[in-house]
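Student: Submitted below is the structure of interest, expressed as structure tokens.
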Amino acid sequence: ARTVPVDLADEASVAALAAATGRFDHLVSTAAMPANGPLAELELADIHRAFAAKVYGPLLLAKHLAPQAATDTPDGASFTFFSGVAAWRPAPARTVMATTNGALAFLVQALAVEIAPVRVNAVSPGIVDTGAWDGLGPDKAAFLRSVADRNPARRTGTVDDLVGAVRFAMTSPFVTGTVLHVDGGGRLA
């Protein structure tokens, strides 16, 4: 595996990535740029950045990299993007997050048809203890416990849960156009 930084809002950056990458088996993008806050306070530039990370970027990645995907391997080639539970559980001050994650879910279906046989899927995490919640300080444990108490799995997610979902998406040659919900049922609660 190789990690490569790229500016998904800049088509030249994505094209340069494609030129430097060559043939590949799987691409995973975890890009996100939230534009959270009350609707009346949202700035258009922040909304554009959020859409660049979750919608425009995946489109550009598919445009420039799909022709190089190694579709002749046993598992085929795949793109895996990250959506998020906010698309299925919108909340006040999370309108843009819900919209970009939802748009990505539909984009995955469209790309799966457009660039077939390259497979395209998304992982949609719920509340996962990745370190993103560390800023809550001493309130983090109580927050994660409250999330666990509300979802059907009765726990919060782990990085290993996400890794397992990404591996499944990459190695399952009959799965495409799918959103894998790794949220402990949080979208249902």
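Numbering (our numbering), first residue to last: 1 to 189.
Positions of the beta carbon are idealized from the N, C-alpha and C atoms, including for glycine.
1. Say whether the segment 170-183 touches the segment 116-124, bearing in mind that this needs 3 or more beta-carbon pairs closer than 8 angstroms, one atom from each stretch.
2. So, using beta-carbon positions, are Ile115 and Thr156 closer together than 7 angstroms?
3. Is the distance from the Cβ of Ala31 to the Cβ of Ala53 below 7 angstroms?
4. Less than 6 angstroms separating the Cβ of Ala40 from some heavy atom of the ligand FMN?
5. Taking contact to mean 3 or more Cβ pairs, one atom from each stretch, closer than 8 angstroms, check whether the segment 23-38 and the segment 71-81 are in contact.
6. In three-state DSSP terms, what is Val96?
7. Using a Cβ-Cβ cut-off of 7 angstroms (strictly less than) and excluding sequence neighbours within five positions of Val154, which residues of its own chain qualify?
8. If we call anything under 7 angstroms between Cβ atoms a contact, is Asn36 one with Ala87?
9. Quick check on the DSSP output: what are the complete alpha helix (DSSP H) runs of length 4 or more inside the segment 136-188, in order along the chain?
Tutor: On the basis of the data shown:
1. Proximity of the segment 170-183 to the segment 116-124 meets the contact definition, three or more beta-carbon pairs being nearer than 8 angstroms.
2. In this structure, Thr156 does not lie closer than 7 angstroms to Ile115 by Cβ.
3. A contact, by the Cβ cut-off of 7 angstroms.
4. In terms of ligand content, the structure shown is empty, and the ligand FMN therefore cannot be addressed.
5. By the Cβ criterion, the segment 23-38 is in contact with the segment 71-81, since at least three pairs of Cβ atoms, one from each stretch, lie closer than 8 angstroms.
6. Per DSSP, reduced to three states, the secondary structure at Val96 is helical.
7. It should be pointed out that residue 154 corresponds to Arg in this sequence rather than to Val. When the five nearest sequence neighbours on each side are left out, the beta carbons in the same chain lying within less than 7 angstroms of the beta carbon of Arg154 are those of Ala148, in order along the chain.
8. In this structure, Asn36 keeps its C-beta atom at 7 angstroms or more from the C-beta atom of Ala87.
9. Whole alpha helix (DSSP H) segments, 4+ residues: 140-150 and 159-171.
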